[in-house]
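Colleague:
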Amino acid sequence: MRLDIDMAFVDRARSAAGRIADGIQPTIEAYTTTSIERTVLRLLGINGVDENDVPLPNIIVDQAQAAGLLEDGIAYWIGSAMLHQGLSLSEIANALAREEVSFDRIPRSDHDTVRRVIEHEATRVCSYIKGRRLQRERLIARSNSGTPPYLYVIVATGNIYEDVIQAKAAAKCGADIIAVIRSTGQSLLDYVPYGPTTEGFGGTYATQANFRIMREALDAVGRECGRYIRLVNYCSGLCMPEIAAMGALERLDMMLNDAMYGILFRNINMQRTFVDQHFSRMINAYAGVIINTGEDNYLTTADAYEEAHTVLASQFINEALARRSGLTPWQIGLGHAYEMDPDMTDGFLYELAQAEMARIIFPEAPLKYMPPTKHMTGNIFKGHLMDAMFNLAGVISGQTIQLLGILTEHVHTPHLQDRYLAIENAKYIMDNARHLREEITYKKGGIMEKRANEVLKEATSMLEQVAEISLMSAIEDGMFASVKRERTGGRGLDGVIRKSERYYNPFPGIFMQELTSSDFSPVLWGNPAKGQGRGAE
Amino acid sequence: MRLDIDMAFVDRARSAAGRIADGIQPTIEAYTTTSIERTVLRLLGINGVDENDVPLPNIIVDQAQAAGLLEDGIAYWIGSAMLHQGLSLSEIANALAREEVSFDRIPRSDHDTVRRVIEHEATRVCSYIKGRRLQRERLIARSNSGTPPYLYVIVATGNIYEDVIQAKAAAKCGADIIAVIRSTGQSLLDYVPYGPTTEGFGGTYATQANFRIMREALDAVGRECGRYIRLVNYCSGLCMPEIAAMGALERLDMMLNDAMYGILFRNINMQRTFVDQHFSRMINAYAGVIINTGEDNYLTTADAYEEAHTVLASQFINEALARRSGLTPWQIGLGHAYEMDPDMTDGFLYELAQAEMARIIFPEAPLKYMPPTKHMTGNIFKGHLMDAMFNLAGVISGQTIQLLGILTEHVHTPHLQDRYLAIENAKYIMDNARHLREEITYKKGGIMEKRANEVLKEATSMLEQVAEISLMSAIEDGMFASVKRERTGGRGLDGVIRKSERYYNPFPGIFMQELTSSDFSPVLWGNPAKGQGRGAE
Amino acid sequence: MEVNMTRVRPYGDTLDDGYMQLSFTLPVQCNAEARKAAELLGEKMGLEDVKVVYSDNIADNFSFFVVYGRCTHSVDMTAIDIPKVDADFMSYQEINGFIEKHIGRKIVVVAACTGTDAHTVGIDAIINMKGYRGEYGLERYPWFTTYNLGSQVPNEDLLAKAIQVNADALLVSQVVTQRNIHIDNLTHLAELVEAEGIRDKVLLIMGGPRISHELAIELGYDAGFGPGTLPSHVGSFIAQALARTIRNSKEHTKGVYP
Amino acid sequence: MEVNMTRVRPYGDTLDDGYMQLSFTLPVQCNAEARKAAELLGEKMGLEDVKVVYSDNIADNFSFFVVYGRCTHSVDMTAIDIPKVDADFMSYQEINGFIEKHIGRKIVVVAACTGTDAHTVGIDAIINMKGYRGEYGLERYPWFTTYNLGSQVPNEDLLAKAIQVNADALLVSQVVTQRNIHIDNLTHLAELVEAEGIRDKVLLIMGGPRISHELAIELGYDAGFGPGTLPSHVGSFIAQALARTIRNSKEHTKGVYP
Ligand code: B12
Ligand code: B12
Ligand SMILES: Cc1ncc(COP(=O)(O)O)c(C=O)c1O
Ligand SMILES: Cc1ncc(COP(=O)(O)O)c(C=O)c1O
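Protein chains in written order, with this note's numbering: chain A, 354 to 890; chain B, 354 to 890; chain C, 13 to 270; chain D, 13 to 270.
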């Protein structure tokens with residue numbers, strides 16, 4: 354082991370996280386949400402918007418909610434409506450949207466009949482999604498995946514067509530992974546915008562059309578370069594599961610998807626979030642998507658040295674919850690970040706200690722390492738150096754996913770040349786110090802080993818405290834990110850519905866069957882140097 | 354030991370270098386040069402220029418040479434002239450310059466009488482120089498010298514007054530050492546320009562007035578910052594010993610001074626150079642100056658990976674010759690450089706291996722580490738990163754003097770902001786990784802250890818070969834820097850004169866007496882963290 | 013070195029040499045013509061001795077350039093007169109003392125990061141207890157009552173809260189500036205305040221990394237605070253501005269109804 | 013994305029947004045006025061939305077700025093017509109074959125780094141055996157006779173050598189460009205050659221990192237070679253130019269004395 358980490362603490366922390374996740378599970382199972390139900394409709398192929406740009410899934414779910422029927426699951430009622438009206442799925446959806454049919458007038462159909470009808474449709478879409486997953490695996494197998502850390506860059510012009518230009522350029526410069534950043538505010542929309550969009554602020558709306566446009570562009574440039582270029586978006590906010598579904602259909606490869614981010618950083622209701630994240634993660638799991646958790650956010654608001662343990666604590670919780678949604682360890686891209694004050698003596702040692710620690714504690718996770726942002730100023734020259742030290746820490750500690758820092762971080766969302774310079778930075782540093790990882794060992798009992806164990810101990814004690822009082826109470830007490838959130842506060846509680854005993858949703862069953870089968874193992878990297886490997890190195 | 358270096362090879366290499374130096378010593382002792390004789394005059398206080406800007410030392414030495422008298426040493430003849438004419442030193446110098454007195458008409462005076470007269474003057478100037486040295490020691494003792502690597506930057510505006518502005522700014526940003534770069538071509542002038550100058554190209558003329566102006570400016574800014582700011586110039590070229598004398602008088606702290614640079618890179622005659630370097634180094638030794646040798650130059654013309662051993666071989670030779678001129682180990686700032694192709698995989702490991710190797714082989718030397726220059730392009734962003742990796746190698750390997758790389762290396766001599774960014778770079782990297790050196794160890798038998806031993810072995814076998822055939826023959830054979838130089842070729846041979854048995858020069862005796870006394874130990878750094886230490890760390 | 017303040021030019025290594033560094037991308041293939049275009053662009057901008065020191069193809073039909081040149085323009089520093097926040101900066105103690113003496117009651121401020129903007133670190137630095145760079149936030153001041161509404165607050169909500177608590181000052185933070193979204197949002201808030209008829213009753217204050225006092229004045233605010241602002245700066249301004257208003261209104265009252 | 017080639021502008025993240033990065037130093041104290049001055053300077057250069065994103069005091073009375081802005085100037089790419097070295101680049105083999113066929117004797121070249129310039133790496137790359145980037149230097153070509161005089165060669169010596177060996181081409185390298193020392197030196201050489209009356213007998217060729225063919229033409233040279241030049245580029249040009257001269261002089265001869 355590269356750093357002598359006290360594994361007894363790791364075990365204690367992991368088991369506390371397990372208890373925490375188990376504590377939240379009853380809530381997750383007792384409820385559904387409007388966005389889960391909209392997701393069911395989306396998976397069943399109901400898409401499109403009305404003349405006011407309101408998405409059909411919203412119209413239909415709102416109608417069902419108004420009629421007090423959601424507790425049974427939209428799948429049940431849409432099935433009943435199909436049977437009652439003798440219409441196909443898309444016909445009934447349109448009829449409902451046009452208010453030609455109303456849920457009020459639909460009688461309950463026989464459950465088993467409904468299930469048969471819906472199961473048929475659900476199986477079809479699931480095999481489509483599985484096909485997308487297998488297609489990804491084929492494409493990866495066929496291409497040169499390079500060596501980790503994989504270079505992840507963002508595009509954020511607000512216009513999907515400009516994004517495509519930027520993304521293709523980045524891929525040609527050597528980027529492995531492209532994330533399309535969302536417009537500010539989208540996470541608080543309780544619907545998913547529709548169609549190609551060109552008018553975002555600080556990012557581009559996540560829409561299914563935009564996903565498709567970017568996917569095609571990246572497949573094309575990937576073919577040109579002989580590499581598979583991964584596409585990322587945000588499976589987060591009030592529409593978390595819907596976006597998971599869109600991503601599954603459009604073969605996105607990674608999703609920002611965190612169990613607590615929405616609660617803490619977007620003031621979304623905690624029950625809504627916990628319920629949503631579970632279903633969204635099942636979809637991600639089934640689609641072979643790697644999730645990226647958002648622990649970096651803890652450090653953008655608090656001091657990175659002082660609060661390092663909150664990152665680790667959150668990683669354990671994210672891991673525990675992710676496992677309970679069927680994600681394999683190789684899909685759990687836990688986040689961490691390089692955010693210490695650059696003017697701190699030995700800051701690089703502390704950062705490196707933490708990066709090595711994460712690598713040791715989560716050996717199979719494709720860790721996602723986030724760059725300096727908070728301490729970036731308009732001094733692009735110094736910023737470029739901070740990014741270089743971050744890249745060095747990434748290659749020394751053997752990270753999997755390296756989100757590249759951009760020298761203009763303080764200034765604007767990245768311009769074409771900023772991204773070019775960021776990729777050049779990463780390629781230079783990582784190649785110039787390629788095998789340094791194998792060349793050096795750290796001092797026993799040195800600054801780094803001490804630091805890593807300190808952080809681990811603090812995280813463990815925090816987790817044990819949380820396990821004691823339950824996660825929801827801990828959040829109410831402000832134990833995470835120094836923000837207090839009420840169990841019934843925040844946005845989206847009105848979309849949380851207690852399930853009836855009759856509740857029906859065909860997807861979890863289909864997903865879990867595959868996810869728990871022993872041969873489910875999505876090929877994630879296909880690094881030729883290591884054979885068709887997965888995970889870190 | 355940080356890297357397992359085969360010390361048997363180190364011993365073999367050092368002893369070969371000793372034989373090489375011993376082989377050249379007879380030549381050094383048999384000859385004097387016009388520039389040595391001019392230096393004697395300068396030390397005796399003869400300075401100034403005539404109405405054609407020809408320096409008095411040149412006028413007088415040329416006259417003596419024309420009269421065939423130099424073989425006895427100018428000191429003897431100037432003494433004879435004084436005695437004969439009953440004039441003081443400065444009166445006789447002026448009289449000679451104005452051709453009121455001519456050497457032809459001066460009879461030989463009694464040797465002992467001449468010696469008494471001259472010795473008196475020589476002792477006075479030597480005690481002045483010693484006073485300057487002690488003044489330096491006092492100033493250093495009084496100030497905060499920070500921790501190595503010490504930051505060394507260049508100024509090169511061509512105008513001494515602009516240089517002062519730049520140098521002061523650099524000192525305030527954190528530079529420890531300022532080198533005033535010389536105008537192109539000065540090294541080939543067989544005289545030293547006079548007075549303050551404002552018209553250099555790519556550098557500012559080295560003149561005594563310029564030395565004084567900069568020294569005062571740096572003392573002033575040093576007082577302001579509570580630090581002692583060191584001043585560097587070039588003791589190199591056809592006037593090597595004269596510049597040493599000027600530096601001794603004006604309290605310069607370091608001098609670029611290499612035993613072979615002039616031969617190889619300026620096509621100066623080899624006999625001239627070996628004779629000159631010896632006397633110049635005695636002066637530097639006595640003045641408490643640190644010399645900086647020029648091994649970096651080997652790598653600007655050849656491949657830095659392939660030719661690494663030539664650097665090491667030259668370091669051993671420079672060391673051996675320097676010791677024979679009375680320099681203490683702590684004054685021998687051997688040069689090396691970070692010049693490998695940035696696009697070489699694991700280049701950082703190779704560079705670091707060499708830097709560690711130099712540190713181990715020359716444990717007392719204040720090594721001077723030169724930055725990337727050859728592979729710097731107009732891409733200032735990538736260049737800034739290369740400089741950062743160089744700074745990192747410097748702090749990890751514990752270098753003493755770090756000549757900072759400048760992001761505009763390919764473009765122009767450094768502008769004010771370029772130097773600011775360079776210092777910011779070094780301070781950030783070195784502080785952020787301050788104790789990394791103590792935290793890591795290298796793999797036994799790893800890439801780095803192998804590399805270091807390979808370079809050492811190649812250097813050893815090269816030195817043994819050179820020792821076999823003699824240094825001058827080796828240079829004739831093109832064994833250094835792939836250039837062949839003839840023993841009687843190059844510039845300045847006409848200034849090499851075989852000494853007569855009567856040859857007289859008062860200075861070597863005075864210098865060597867002090868240099869070989871057991872209490873000669875100039876305080877060189879005065880790093881408070883380490884007490885009044887000297888050398889590396 | 014004597015700088016002529018009426019015509020200040022960039023400095024490389026000699027007074028008035030005008031040296032500048034530029035970098036930019038042109039949407040064309042990287043070749044000799046593109047390099048020439050980069051040079052011409054530099055010349056159009058008023059540079060002399062334009063040197064394209066680096067160029068690279070950074071995508072199909074995009075070239076990146078690093079350029080150096082000597083700027084022929086100069087600036088008259090003596091003619092620069094920019095509006096500055098009208099306040100003598102005081103310490104925590106002084107501010108509280110000042111309010112006690114000149115206002116005699118607690119000052120009420122309402123703060124938020126409005127619109128879709130969710131960057132609360134800046135406004136929190138000014139308002140929240142823990143403050144910024146070793147200084148307490150206004151929340152900690154005994155003579156301030158603060159309401160920090162957090163992020164992504166609609167302008168309407170901020171205004172409603174201000175009216176509800178009878179706020180003396182409205183503090184709004186804007187960090188995202190892409191496509192000038194902050195200008196739209198800040199203008200909208202000013203209009204709402206105006207429409208509500210309470211503009212003369214509240215101090216309207218903006219802040220953020222791209223905010224300047226100049227911009228604030230332009231948009232009809234009372235003050236704007238940029239990067240590096242400390243809580244005490246804002247506290248000083250609010251206290252003094254409020255004291256001025258109170259004094260003026262008293263004098264005004266005196267004048268009209270003697 | 014359709015670029016209008018008659019008005020190409022810098023690209024940040026949207027066509028024609030004009031984004032550029034600048035950095036420079038002003039010889040003034042770093043404060044709000046200085047930042048304003050930096051902004052005004054950007055505006056004078058034709059930038060819009062000028063943002064001074066960083067400023068720092070880098071010495072007493074010197075401030076450093078990083079600035080972003082949107083350039084309003086554009087360049088007409090269709091009007092760019094720059095002189096190019098008139099040669100079809102051939103390989104080592106082809107060049108030797110060409111000389112054998114069209115010239116029939118060895119070409120003699122004399123090369124040096126002249127004046128006070130001591131940067132020989134560039135000229136050595138072109139001339140010396142070992143060459144550059146895997147290509148042999150002209151010395152290795154069987155159909156070239158080369159004399160490389162090295163560094164810091166007075167122009168007079170270079171010329172004398174050229175006359176002595178009856179050179180077909182004179183190759184001069186200039187690397188140091190501070191205060192345009194290279195221009196002075198290159199002009200001086202051209203004048204000497206002219207004065208000697210052999211201008212039409214030799215190809216006059218310059219090279220170096222800041223040399224362009226455009227500059228060469230301006231100073232009355234036959235060709236100029238910049239960064240990245242390979243020996244074969246120079247060899248191709250010399251061979252073809254010489255063949256042209258010979259052909260012309262033959263035709264000329266024919267024409268005048270038929
Ligand atoms: C931290 C951060 C985040 C955090 C915010 C957490 C939080 N709770 O605030 C997270 C990760 C959530 C985040 C998200 C996003 N961010 Co952000 N973020 C940053 C970052 C790294 C630091 C900002 C910061 O905290 N600065 C520190 C504070 C103390 O400084 P400050 O805000 O300037 O405040 C000081 C003064 O300005 C002043 N002040 C500020 N407000 C006020 C108000 C008043 C009344 C007064 C008096 C004074 C005052 O006082 C403060 C103390 O001196 C910057 C990059 C950077 N390094 O600047 C990007 C940055 C601001 N983010 C950006 C973007 C685009 C986003 C996103 C929109 C991206 C996306 N599409 O997902 C999202 C969405 C957020 C949203 N809806 O707004 C861009 C904005 C680009 C632009 N100019 O338009 C930046 C510049 C990064 C970039 N280059 O792309 N971000
Ligand atoms: C190596 C080097 C040195 C070495 C030179 C060793 C040697 N024997 O050549 C040493 C250490 C001796 C040196 C010294 C100095 N140097 Co120097 N040096 C450099 C450096 C690092 C690399 C230059 C180089 O070798 N490039 C590689 C070659 C292959 O490229 P190239 O010259 O462009 O050549 C190519 C083409 O241009 C072309 N070409 C070139 N010449 C010719 C000629 C013909 C006929 C043709 C057809 C083609 C051709 O073909 C070549 C192959 O493609 C540069 C910085 C940099 N990274 O560029 C500074 C640099 C050139 N040096 C500089 C200076 C100022 C000096 C000094 C004057 C400093 C001083 N005062 O001491 C001294 C003095 C030297 C002198 N009297 O001229 C400055 C010049 C600034 C300027 N633009 O005016 C630079 C830019 C560094 C800096 N930023 O200050 N230097
Ligand atoms: C998990 C997660 N979701 C979403 C986001 C993006 O923010 P928003 O909620 O504004 O889309 C982040 C930002 O870092 C994140 O980590
Ligand atoms: C020992 C030595 N002398 C002198 C110089 C400077 O060159 P010049 O001879 O042109 O002064 C160098 C350059 O690196 C050097 O290393």
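All residues carry an ideal CB built from backbone N, CA and C; glycine is no exception.
#1: Cutting at 6 Å between CB atoms, please list the residues of its own chain near D/Thr37, excluding the five before and the five after it.
#2: Compare the beta carbon distance of C/Pro221 and C/Tyr144 with 9 Å and say whether it is the shorter of the two.
#3: Excluding the 5 residues flanking B/Gly884 on each side, which residues of the same chain have their C-beta closer than 8 Å to its C-beta?
#4: Can you tell me which of the three DSSP states C/Arg21 falls into?
#5: Let me make sure I understand the geometry here. Which of C/Gln176, C/Gln164, C/Asp169, C/Asn108 has the alpha-carbon closest to that of C/Gly247?
#6: Which of the three DSSP states is assigned to B/Cys479 in this structure?
#7: Going by the C-beta, is B/Leu609 closer than 8 Å to any heavy atom of ligand 4?
#8: Quick one: is C/Asp98 near chain B, going by C-beta distance under 9 Å?
#9: CB of B/Lys649 to nearest heavy atom of ligand 2: below 8 Å?
#10: Which chain C residues are close to A/Gln770, counting only those with a beta carbon under 8 Å from its beta carbon?
#11: Measuring from the CB of B/Met729, is there a heavy atom of ligand 2 at a distance below 8 Å?
#12: Under 8 Å: does the beta carbon of B/Ser589 sit that close to some heavy atom of ligand 4?
#13: Considering just the uninterrupted stretch of the alpha helix (DSSP H) at D/Asp68, what are its terminal residues?
#14: Between B/Trp878 and B/Pro719, is the Cβ-Cβ spacing less than 9 Å?
#15: Is A/His788 close to chain B, meaning its C-beta is less than 9 Å from at least one C-beta of that chain?
#16: Below 8 Å, is the gap between the Cβ of B/Thr510 and the nearest heavy atom of ligand 2?
#17: CB B/Glu839 to CB B/Cys526, shorter than 9 Å?
#18: Could you name each continuous beta strand (DSSP E) segment of 3 residues or more that falls completely within the region 472-525 of chain A, going from the start of the chain to the end?
#19: Whole-angstrom Cβ separation of D/Gly54 and D/Leu34, contact assumed at under 8 Å?
#20: Would you decide whether A/Thr726 is buried or exposed? Buried here means 16 or more other CB atoms lie within 10 Å of its CB.
#21: Using a beta-carbon distance below 9 Å, is C/Asp180 in contact with chain B?
#22: Using the C-alpha atoms, what's the distance from D/Gly219 back to D/Ile195?
#23: Mark A/Met710 as exposed unless 16 or more other C-beta atoms lie within 10 angstroms of its C-beta, in which case mark it buried.
Modeller: Inspection of the coordinates gives the following:
#1: Correct list, in chain order: Phe74, Phe76.
#2: No. Outside cutoff.
#3: A caution first: B/Gly884 carries a pLDDT of 38, below 50, which makes its placement in the model too unreliable to give a value.
#4: Per DSSP, reduced to three states, the secondary structure at C/Arg21 is coil, with no helix or strand assignment.
#5: Closest by alpha carbon: C/Asn108.
#6: In the structure shown, B/Cys479 sits in a helix (DSSP, three-state: H, G or I).
#7: Yes, Cβ of B/Leu609 sits closer than 8 Å to a heavy atom of ligand 4.
#8: So, not an interface residue.
#9: In the sequence as displayed, the identity of residue 649 of chain B is Asp instead of Lys. B/Asp649 has its CB nearer than 8 Å to a heavy atom of ligand 2.
#10: Chain C residues near A/Gln770: Ser35, Phe36, Thr37, Ile70, Phe76.
#11: Yes.
#12: B/Ser589: yes, Cβ under 8 Å from ligand 4.
#13: First-last for D/Asp68: 59-71, but that is the beta strand (DSSP E), not the alpha helix (DSSP H).
#14: Yes; because the gap between Cβ atoms is below 9 Å, this pair is in contact.
#15: Chain B, which has a Cβ nearer than 9 Å to the Cβ of A/His788, makes this yes.
#16: B/Thr510 Cβ: outside cutoff for every heavy atom of ligand 2.
#17: For B/Glu839 and B/Cys526, no; Cβs fall outside 9 Å.
#18: Note on the region 472-525 of chain A: whole beta strand (DSSP E) runs with a minimum of 3 residues are 503-508, in chain order.
#19: Cβ atoms of D/Gly54 and D/Leu34 come within 8 Å of each other, at about 7 Å.
#20: So A/Thr726 counts as buried.
#21: For C/Asp180, no Cβ of chain B is located within less than 9 Å of the residue's own Cβ.
#22: Each residue's CA atom was taken as its position, placing D/Ile195 and D/Gly219 some 12 Å apart.
#23: Buried, because 16 or more other Cβ atoms sit within 10 Å of the Cβ of A/Met710.
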